[in-house]
Every structure is written in structure tokens, then in C-alpha cells.
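Worksheet for the structure shown next.
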Amino acid sequence: MAEPITLFHLSDIHFGLEDTRALAWVERCIDEERPTAVAVTGDLTMRARRHEFAAANSWIAALDTPVTVEVGNHDLPYFNLIERFADPYKRFRAIESLLERELDLPGLAIVPLKTTARAQWRWPWSNGWITQDALRQTLAAIDAVPAPKRVLVTAHHPLPERRADGKLLTRGGTEALEELAARGVLAVLSGHIHDPFDMVAETAKGPVRMIGAGTLSRRIRSTPPSFNQLTYAEGQLTVKVRNLEDVPTRKMQIDDVPENALPPRRPQEPVAPVAAVPESDPPVH
Ligand SMILES: [Fe+2]
Ligand SMILES: [Fe+2]
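As C-alpha cells, this is what we get:
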């Protein structure tokens with residue numbers, strides 16, 4: 016019988032606003048438990064500053080395990096707009112040399128899918144966008160994995176294209192989910208929204224399991240800092256959400272993909288009414 020594979024799925028560390036206590040705990044877990052691999056699904060930094068990448072670089076380099084990292088929307092140059100457009104992945108490439116973006120494990124392959132865009136024809140740029148090119152590359156990598164090896168796809172943004180109320184989330188997500196369903200991937204791992212989840216997307220070509228990891232930063236949404244421990248044994252993938260507060264896994268997992276990582280507005284925080292401005296109002300200087 017094949018050895019079980021243990022994968023630690025971390026996300027949204029946001030160096031620059033990292034939770035040092037949570038990071039020290041994860042480091043200890045990796046050191047003591049020796050997972051087969053670590054997958055980081057993006058947002059390594061808060062603002063893609065050089066010193067944030069340097070901190071991410073040395074933290075990841077010190078992990079004594081195979082690591083795969085995806086780029087997140089926070090890893091593109093934020094302040095330097097020229098660099099953002101001209102060479103958005105330059106700073107990320109500085110760290111990429113340390114990492115294996117595709118991992119080949121016994122019985123399991125980890126294949127990345129890029130969901131970030133330097134700029135889009137709609138606001139906000141932080142939303143996911145799967146280009147035809149990015150999808151083609153991922154599908155080609157999946158098609159090259161020999162059976163019966165299973166595939167885990169890693170991405171930064173969750174793939175659903177729209178929220179239940181119709182709001183746009185990840186452009187190109189519907190087609191990506193359909194193609195991944197058609198290929199029978201084991202699951203898609205993602206981050207971005209800072210709360211963990213484990214849900215199934217139904218597509219025209221079958222179901223796809225989507226697993227999200229929470230954050231290890233101080234930018235928490237509705238759950239404490241956490242990471243996912245994934246175990247693959249005898250064809251089954253199980254998820255445990257590990258966190259410093261010992262909150263049970265199911266209570267850590269949210270049931271729908273929200274729009275972003277900001278905390279949900281509480282009922283006691285009413286939105287201030289915005290007065291309509293009549294067109295005839297005099298201009299304010
Ligand atoms: Fe994030
Ligand atoms: Fe993000």
C-alpha cells in the first residue's frame with residue numbers, strides 16, 4: 016500500500032503584515048511533522064515591496080521540504096505602476112528560482128494555474144483572471160500527467176466566475192472549472208479570501224472540489240490564522256484546518272466564496288446613508 020501523502024496548504028502570508036506567532040507555529044509544525052510538501056497559494060507579500068519579498072524568500076528557503084508557490088494579486092508591484100505594466104512578475108521571479116512550481120509526488124502531481132492579471136478592463140484589479148494562455152498551459156501540464164496519478168491544481172484566486180448574486184469574481188473561471196472537471200482533477204487549492212473552505216462546484220462537465228486555505232497574516236476575515244493539512248491516502252483526500260485557537264475544521268470553513276478578504280460587515284455596523292446629490296447642486300471647490 017502506498018504511503019499517505021501529507022501536504023500543508025498555506026496561503027496569504029502577506030509578509031509586511033504577517034502574523035509572527037502563527038508563522039512560528041507553522042514553522043514548528045513543518046519541522047516536527049515533516050509533510051511531504053508545502054503548497055503556498057499566493058499573496059506572499061502585502062505590497063510586493065523588496066523587503067517583503069526578501070522576508071518571504073528567507074522564510075521559504077529555511078523550510079526543509081519541497082515547496083510550490085503561486086503568485087497572488089498582492090505580489091505584483093503596487094506602488095510602481097510602470098513596473099506593474101512592463102514586468103509585473105519581475106520581483107516574484109526573484110523568489111521563484113528557489114521554488115518548484117510543479118511538484119511530482121508519488122501518486123500525485125501538483126500543477127499551478129495562474130489567476131493574476133497586471134490590469135483588467137474592469138475594477139478591481141485584485142479579482143482573478145484566467146487567460147486562455149494560462150489555462151492552456153495548465154491543461155497541457157495536466158494532460159501530460161500519466162494515469163493513474165491524480166492532479167491537484169494550485170491557484171491564488173478561487174475559480175468560481177460569479178457569486179450567487181451574479182457579481183463577477185474570477186474571469187474565465189467557468190471554462191477553467193469545466194475543463195478541470197472534464198480531466199477529473201482531485202481538487203483545486205486556492206487562497207485570496209483569507210477564510211478556509213472545502214466545497215464542490217457543479218459544472219456542465221461534472222463536479223470539481225475546491226479547497227481554500229485561510230491566512231497566516233494579521234489581515235484576517237472571519238476566522239483566526241490557519242493552514243490546511245491535506246492527507247491523500249487510498250485515493251481519498253481529507254482536509255483538516257489547523258489553527259492556533261483549536262476551532263474545529265467544519266467551524267473554520269465558510270460555505271460560499273465571498274468577493275474579497277475583507278471582514279463581512281456586522282449588523283451593528285450600519286452603512287452610513289449616502290445622500291443623493293441633485294444635479295443642480297453648485298460645484299464644491
Ligand atoms: Fe490575501
Ligand atoms: Fe489575494
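Following this note's numbering, the numbering of the sequence shown begins with 16 at its first residue and continues without gaps.
All C-beta atoms in this analysis are idealised placements derived from N, C-alpha and C, irrespective of residue type, glycine included.
Quick caveat, the model's predicted, so the values are computed rather than measured.
| Check | Outcome |
| --- | --- |
| Find the nearest neighbour of residue 276 within the set 236, 26, 169, 244, judged by alpha-carbon distance. | 236 |
| By Cβ distance below 7 angstroms, which residues in the same chain neighbour residue 179 in space, the five residues on each side in sequence not counted? | 271 |
| Would you call the CB atoms of residue 212 and residue 268 closer than 8 angstroms? | yes |
| Measure how close the beta-carbons of residue 196 and residue 221 come, nearest whole angstrom, since I'm counting them as under 8 angstroms. | 4 angstroms |
| Give the range of the alpha helix (DSSP H) segment to which residue 189 is assigned. | 188-197 |
| Report whether the distance from the Cβ of residue 87 to the nearest heavy atom of ligand 2 is below 7 angstroms. | yes |
| Would you give the residue range spanned by the beta strand (DSSP E) that residue 83 belongs to? | 82-84 |
| Go through the stretch 177-253 residue by residue and report every complete run of the alpha helix (DSSP H) that reaches 4 residues or more, in order. | 188-197 |
| Report buried or exposed for residue 19, applying the criterion of at least 16 other Cβ atoms within 10 angstroms of its Cβ. | exposed |
| Nearest by alpha-carbon distance to residue 146: which of 174, 187, 39, 166 is it? | 187 |
| Residues bridged to residue 55 by DSSP? | 25, 84 |
| Excluding the 5 residues preceding and the 5 following residue 238 in the sequence, name in chain order all residues of the same chain whose CB lies nearer than 6 angstroms to its CB. | 210, 229, 267 |
| Grouping DSSP H, G and I as helix and E and B as strand, with all else coil, what is residue 174? | coil |
| Hey, residue 89 and residue 29: beta-carbon distance below 8 angstroms or not? | yes |
| Going by the beta-carbon positions, is the gap between residue 46 and residue 207 smaller than 8 angstroms? | no |
| Should residue 57 be counted as a contact of ligand 2 given a C-beta to heavy atom distance under 7 angstroms? | yes |
| Ligand 2 heavy atoms versus the CB of residue 4: any closer than 7 angstroms? | Lying before the first or after the last residue shown, residue 4 is absent from the chain, which here runs from 16 to 300. |
| Buried or exposed: residue 194, going by 16 or more other Cβ atoms within 10 Å of its Cβ? | buried |
| For the alpha helix (DSSP H) that contains residue 65, what are its first and last residues? | 65-76 |
| Can you check whether the CB of residue 22 is closer than 8 angstroms to the CB of residue 245? | yes |
| So the candidates are 203, 157, 82; which of them puts its Cα closest to the Cα of residue 130? | 203 |
| Pull up the distance between the alpha-carbon of residue 76 and that of residue 251, whole angstroms please. | 30 angstroms |
| Classify residue 215 as buried or exposed, calling it buried when 16 or more other Cβ atoms lie within 10 Å of its own Cβ. | exposed |
| When you compare only the Cα positions, how much space is there between residue 280 and residue 190? | 31 angstroms |
| With a Cβ-Cβ cutoff of 8 angstroms, do residue 192 and residue 166 count as a contact? | no |
| Determine the burial state of residue 79: buried for a count of at least 16 other Cβ atoms within 10 Å of its Cβ, exposed for fewer. | exposed |
| Residue 209: beta carbon under 7 angstroms from a heavy atom of ligand 1? | yes |
| What do you reckon, is the C-beta of residue 276 under 7 angstroms from a heavy atom of ligand 1? | yes |
| Of the residues 55, 278, 248, 71, which one's Cα is nearest the Cα of residue 61? | 71 |
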